[in-house]
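Working notes for the structure below.
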Amino acid sequence: MNPEITAWHIGHDSALKRMVRIEVIGKSFALFEQQWRSEAYFFGDLVYRGKEGRSHVFGLEDGIKARPKWKLGFQGEIPAELTTLLPQPKQPMKSNIGLMIVAIVCLAIVYFSVF
Numbered sequence: 139m140n141p142e143i144t145a146w147h148i149g150h151d152s153a154l155k156r157m158v159r160i161e162v163i164g165k166s167f168a169l170f171e172q173q174w175r176s177e178a179y180f181f182g183d184l185v186y187r188g189k190e191g192r193s194h195v196f197g198l199e200d201g202i203k204a205r206p207k208w209k210l211g212f213q214g215e216i217p218a219e220l221t222t223l224l225p226q227p228k229q230p231m232k233s234n235i236g237l238m239i240v241a242i243v244c245l246a247i248v249y250f251s252v253f
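Spelled out as structure tokens, the structure:
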């Protein structure tokens, strides 16, 4: 993998953000840091969590272990060699106008159902 890609990882057992290197092994990957190697994870177990600052963040939901704090982030753009393997980022709503419209419709339904 390209060494200029800046990836970071927060494990499920600590809040320490580590700068890591990713090694792709078929449909799975492992994370490497100096004198540390993670277990192998499947790309299919990752879910897109959104953006944190300039980083695209992915979480792990494998259904085996509860790991709500586990994060894998890519600063800047997602690497081209990983875009086909990672889940696609979902674009956020254009603005909060859509959410406001839904709230108004819900309030109208409640208001008119009571009277």
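With my numbering applied, the sequence shown covers 139 to 253.
Ideal placement from N, C-alpha and C gives every residue a C-beta, glycine not left out.
| Roughly how far, in whole angstroms, is the beta-carbon of V185 from the beta-carbon of P225, given that I think they are within contact range, below 8 Å? | On the sequence shown, residue 185 is found 47 positions in, with the first residue counted as 1. On the sequence shown, residue 225 is found 87 positions in, with the first residue counted as 1. With 8 Å as the limit, V185 and P225 qualify as a contact, their Cβ atoms being about 6 Å apart.
| field | Inter-stretch contact (C-beta, 8 Å, three-pair minimum) for the stretch 176 to 190 and the stretch 158 to 165 | value | yes
| request: Look at H150 and R205 and say whether their C-beta atoms are less than 8 Å apart. | output: Numbered from 1 along the sequence shown, position 12 holds the residue referred to as residue 150. Numbered from 1 along the sequence shown, position 67 holds the residue referred to as residue 205. For H150 and R205, yes; Cβs fall inside 8 Å.
| Extent of the continuous beta strand (DSSP E) to which F196 belongs | Against the sequence shown, residue 196 aligns to sequence position 58. Going by DSSP, F196 is part of the beta strand (DSSP E) stretching over 193 to 198.
| field | Reference F167, options L220, F212, E199, closest by Cα | value | By one-based count along the sequence shown, residue 167 stands at place 29. Residue L220 is the option with its Cα nearest to F167.
| Buried versus exposed call for G214 [16 or more other C-beta atoms within 10 Å across all chains shown] | As a position in the sequence shown, residue 214 is number 76, starting the count at 1. Counting the other Cβ atoms within 10 Å of the Cβ of G214 gives fewer than 16, which makes it exposed.
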